[in-house]
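For the first sequence, the UniProt record's numbering gives the first residue as 1, with consecutive numbering after it. Beneath this line is the structure, given in structure tokens, with notes to follow.
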Amino acid sequence: MGFGFDVFLQTGLLDFYGKVGELGLARRVFDEMPERDVVARNAMVAALGMNGFLSDARKLFDEMSERTSSSWNTMITCYCKLGDVEAARRIFDYNPMKNVVSWNAMIDGYCKSNQLMLARELFDRAGDLKNAVTWNTMISGYVQYREFGKAISTFQQMQAENVKPTEATMVSLLSACAHLGALDMGNWIHTYIRRQNFKIDVFLGNALVDMYCKCGNMDAALDVFRSLTKRNAYCWSSVIVGLAMHGYGEEAIATFDQMHKEGVKPDHVTFIGLLSACSHSGLVIEGRKYFSEMFEVYRVEPGIEHYSCMVDLLGRAGLLQEALELIKSMPVSANAAVWGSLLRACRIHKDAKLSEQVTDQLLKLDPYDGGNYVFLSNVYASLNRWDEVEICRNLMAEKGVHKTPGCSLIEVDNVVHEFMAGDAAHPQFAQISAFLDDVDKKLKVLGHVPDMESVLHDIDKEEKESAVRYHSERIAVAFGIMSTPRGKPIRVVKNLRACSDCHTVMKLMSKLFTRDIFVRDRNRFHHFRDGSCSCKDYW
DNA sequence: TTAGGGTTAG
């Protein structure tokens with residue numbers, strides 16, 4: 001008995017070392033084992049493969065006189081994790097002991113290598129063999145590639161086939177809701193979680209917190225957060241990012257201090273949240289302090305996103321020179337996002353001279369770099385340099401880069417409706433359009449003059465006006481007001497930043513219709529109420 | 001005791 005128990009313990013230790021990346025220690029345990037059964041060999045194959053020694057893993061696997069289904073599945077997983085999905089597929093096809101784990105590992109391998117079609121093909125071929133993990137793999141694959149609608153429809157299919165969802169299913173679905181801003185569905189999932197008595201661990205807890213933050217219900221997010229018995233850096237970061245998005249700068253800082261007190265180490269995402277919180281609330285002194293502490297105290301290396309937050313913070317506060325100095329001191333060269341932050345600040349503070357200088361810097365960026373096309377084209381357009389705009393657009397077409405079209409989402413009666421800028425595809429578009437015309441007339445009476453600054457197309461004034469009116473968030477909000485009961489808050493998610501004219505119109509609409517309007521743009525939440533916005537026009 | 005699914009930002 002004693003002998004067998006030793007092997008049992010040693011195998012556990014070997015597995016542990018393999019999983020925490022201590023391959024040397026794993027090897028030593030393996031070499032010193034008096035008896036190596038198939039379980040120990042499987043664990044060693046996994047330890048080698050997962051730590052990058054695929055050929056050693058393969059050699060050990062090939063030498064095994066006896067194999068279990070785990071042996072085969074370990075090889076499939078190792079090949080997938082190291083990016084050789086074709087090799088994994090060859091093992092999968094050849095595997096004489098194929099079981100549901102083999103299918104799941106292979107489907108996940110396709111998902112993780114951005115081959116969703118192949119994943120779905122296998123998923124469909126798996127037929128009745130599928131278990132909850134198979135479904136979860138497919139659903140999380142869709143969420144990872146931002147196919148949120150497909151994730152939800154796959155979940156509905158899972159329910160139709162009477163497969164019981166698990167905590168992992170809920171985590172993926174909540175992530176989809178967070179991205180879509182689908183609060184009603186998120187609430188439904190939370191209720192479902194309670195009814196099923198699912199265990200709310202750090203994964204599920206964080207998914208709930210994040211969903212409530214991103215869907216604009218900060219109170220519910222904090223309720224869940226406070227109820228968690230265990231919180232990791234993800235949970236803290238989600239709350240801090242959430243508070244930042246809602247413009248609660250002081251609260252974000254207090255939360256960060258609490259995180260520090262509880263001994264949870266912040267990561268780079270935590271600092272993105274913290275610094276953007278300072279930025280949204282104009283907390284310059286605090287922002288400077290945390291930026292310098294992030295490496296000195298917390299050993300988190302500032303990345304370009306953190307510099308971007310700081311440029312934004314300093315720029316908004318009118319410290320344009322300091323922002324410029326910071327850009328010059330960056331260890332990596334600035335990208336369009338960083339220069340763009342400074343350019344926005346120049347516009348707010350009406351510094352034409354620096355604006356010109358920054359524009360020059362922007363124009364020096366590589367036009368062949370995909371990320372720069374759109375920004376450059378807008379800069380040229382603002383200077384009325386239409387030839388260059390044309391060149392940028394042609395380059396974009398040539399390279400197959402397309403400008404991200406403005407897109408807004410709104411959930412009405414458990415259905416997420418999607419609107420693109422100037423989009424006439426929605427079945428109720430005629431009514432929406434008439435409604436917006438009517439709103440326009442009312443706003444003109446109130447003295448609203450459309451601001452065309454953010455419509456950078458070489459078109460005449462009248463066309464510009466209609467292009468503004470049909471920005472996606474405006475269509476979505478109009479649709480929301482038309483299709484929901486009086487007094488119900490409107491919640492819209494937009495993929496880009498709100499333009500200044502839409503921002504003004506939203507304020508007026510919140511007063512005109514006595515509605516709370518929440519718009520989550522790329523940067524933060526705007527809560528429009530009674531003619532003003534929670535961002536205090538500072539965004 | 002060995003094999004498969006889950007979270008923050010971009």
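Where is the CB? At the ideal position from N, CA and C, for every residue including glycine.
3 or more residues per run - each beta strand (DSSP E) lying fully within the stretch 23-47: none
Pair within 8 Å by beta-carbon distance, residue 549 and residue 287: Outside the displayed span of the chain (1 to 539) sits residue 549, for which this structure offers no information.
Sequence-distant residues of its chain with Cβ nearer than 8 Å to residue 537 (five each side left out): Taking the first residue of the first sequence as 1, we reach residue 537 at position 537. 503.
Cα-Cα separation between residue 151 and residue 539, rounded to whole angstroms: For this step, residue 151 is matched to residue 151 along the first sequence. For this step, residue 539 is matched to residue 539 along the first sequence. Cα to Cα, the separation comes out at about 32 Å.
Beta-carbon proximity list for residue 290, same chain, < 6 Å, skipping 5 on both sides: In the first sequence, residue 290 corresponds to position 290, counting from 1. So the list reads 274, once near-sequence residues are dropped.
Cα-Cα separation between residue 460 and residue 474, rounded to whole angstroms: Sequence index remark: in the first sequence, residue 460 carries index 460 (1-based). Sequence index remark: in the first sequence, residue 474 carries index 474 (1-based). Low per-residue confidence applies at residue 460: pLDDT is 47, beneath 50, and the placement is therefore not dependable, though the value from the model is reported in the following sentence. Taking the straight line from one Cα to the other gives about 21 Å.
At least three beta-carbon pairs within less than 8 Å, the stretch 420-430 to the stretch 508-520: no
Where residue 417 sits in the DSSP three-state scheme: Sequence index remark: in the first sequence, residue 417 carries index 417 (1-based). Three-state result, residue 417: strand.
Helix, strand or coil at residue 411 [DSSP, three-state]: Residue 411 sits at position 411 when you count from the first residue of the first sequence. Strand.
Own chain partners of residue 339 with C-beta closer than 7 Å, once the 5 adjacent residues on each side are dropped: Mapped onto the first sequence, residue 339 falls at position 339. So the qualifying residues of the chain are 358, 361, 362.
Rounded straight-line distance, which links the Cα of residue 279 to that of residue 532: Numbered from its first residue, the first sequence carries residue 532 at position 532. Numbered from its first residue, the first sequence carries residue 279 at position 279. Roughly 20 Å separates the two Cα atoms.
Alpha-carbon spacing of residue 69 relative to residue 114, whole angstroms: Counting from 1 along the first sequence, the entry for residue 69 is found at position 69. Counting from 1 along the first sequence, the entry for residue 114 is found at position 114. Those two C-alpha atoms are separated by around 26 Å.
For residue 407 and residue 523, believed in contact at Cβ under 8 Å, the rounded distance: By one-based count along the first sequence, residue 523 stands at place 523. By one-based count along the first sequence, residue 407 stands at place 407. So it is not a contact: roughly 15 Å between Cβ atoms.
Residue from 332, 321, 183, 133 whose Cα sits closest to the Cα of residue 163: The residue you call residue 163 lines up with position 163 of the first sequence. That would be 133, whose Cα lies nearest to the Cα of residue 163.
CB contact flag (residue 47, residue 17, <8 Å): Mapped onto the first sequence, residue 47 falls at position 47. Mapped onto the first sequence, residue 17 falls at position 17. For residue 47 and residue 17, yes; Cβs fall inside 8 Å.
Whether residue 305 touches residue 272 by CB criterion (8 Å): Along the first sequence, one-based indexing puts residue 305 at 305. Along the first sequence, one-based indexing puts residue 272 at 272. For residue 305 and residue 272, yes; Cβs fall inside 8 Å.
Backbone secondary structure at residue 198 - three-state DSSP: For the purposes of this step, residue 198 is identified with residue 198 of the first sequence, where counting begins at 1. Here residue 198 sits in coil by DSSP.
Boundaries of the beta strand (DSSP E) in which residue 261 is found, first to last residue: Position 261 of the first sequence holds residue 261. Here residue 261 belongs to no beta strand (DSSP E); instead the alpha helix (DSSP H) covers 249-261.
Own chain residues within Cβ distance below 7 Å of residue 87, not counting five before or after: Mapped onto the first sequence, residue 87 falls at position 87. Taken in chain order, the residues that qualify are 79.
Residue(s) in a DSSP beta bridge with residue 533: Looking up residue 533 in the first sequence gives position 533. Note: residue 533 sits in a beta bridge opposite 528.
DSSP beta-bridge partners of residue 193: On the first sequence, position 193 is the one that residue 193 refers to. Residue 193 pairs with nothing; no bridge assigned.
DSSP-derived helix/strand/coil call for residue 7: Within the first sequence, residue 7 is the residue found at index 7, counting from 1. If DSSP states are grouped into helix, strand and coil, residue 7 belongs with the helices.
Residue 231 burial status per 10 Å Cβ neighbour count (16 or more: buried): What you label residue 231 is simply residue 231 of the first sequence in a count that begins at 1. Its Cβ being crowded by 16 or more others within 10 Å, residue 231 is buried.
DSSP bridge partner residues for residue 493 (one or two, in chain order): Stepping through the first sequence from its first residue, residue 493 is reached at position 493. Answer by DSSP bridge pairing, in chain order: 409, 520.
Whole-angstrom distance between residue 85 and residue 180, CA atom to CA atom: One-based indexing of the first sequence puts residue 180 at position 180. One-based indexing of the first sequence puts residue 85 at position 85. When rounded, the distance between both Cα atoms is 31 Å.
Residue environment, residue 117, which counts as buried when at least 16 other CB atoms sit within 10 Å: Within the first sequence, residue 117 is the residue found at index 117, counting from 1. Residue 117 is exposed by the Cβ-count criterion.
Bounding residues of the alpha helix (DSSP H) (the contiguous stretch that carries residue 265): Taking the first sequence and counting its residues from 1, the one referred to as residue 265 is at position 265. Neither: residue 265 is in no alpha helix (DSSP H) and is coded neither H nor E.
Distance between residue 500 and residue 90 (C-alpha atoms, nearest Å): As a working mapping, residue 90 is identified with position 90 in the first sequence. As a working mapping, residue 500 is identified with position 500 in the first sequence. Roughly 55 Å between the two C-alpha positions.
Same chain, Cβ closer than 8 Å to residue 3, five either side skipped, listed in chain order: As a first step, residue 3 is located in the first sequence; it is residue number 3 there, counting from the start. With a pLDDT of 49 at residue 3, under the threshold of 50, the predicted position of this residue should be treated as unreliable, and no value is reported.
Assigned exposure category for residue 398 - 16 Cβ within 10 Å defines buried: Walking along the first sequence from the start, residue 398 turns up at place 398. With fewer than 16 Cβ atoms within 10 Å of its Cβ, residue 398 is classed as exposed.
Residue range of the unbroken alpha helix (DSSP H) whose run includes residue 73: Translated into positions along the first sequence, residue 73 becomes position 73. Run containing residue 73: 69-81, per the alpha helix (DSSP H) assignment.
Which of helix, strand or coil DSSP assigns to residue 499: Translated into positions along the first sequence, residue 499 becomes position 499. DSSP places residue 499 in coil when its eight states are reduced to three.
First and last residue of the uninterrupted alpha helix (DSSP H) at residue 65: The residue labelled residue 65 in the question sits at position 65 within the first sequence. Element bounds for residue 65: n/a, residue is neither H nor E.
Cβ-Cβ separation, residue 249 to residue 220 (assumed contact under 8 Å), whole Å: As a position in the first sequence, residue 220 is number 220, starting the count at 1. As a position in the first sequence, residue 249 is number 249, starting the count at 1. Contact flag wrong, Cβ pair sits at about 21 Å.
Option in 376, 215, 264, 229 with minimal Cα separation from residue 237: Residue numbering aside, residue 237 sits at position 237 when the first sequence is read from its first letter. With distances taken between Cα atoms, residue 237 lies closest to 264.
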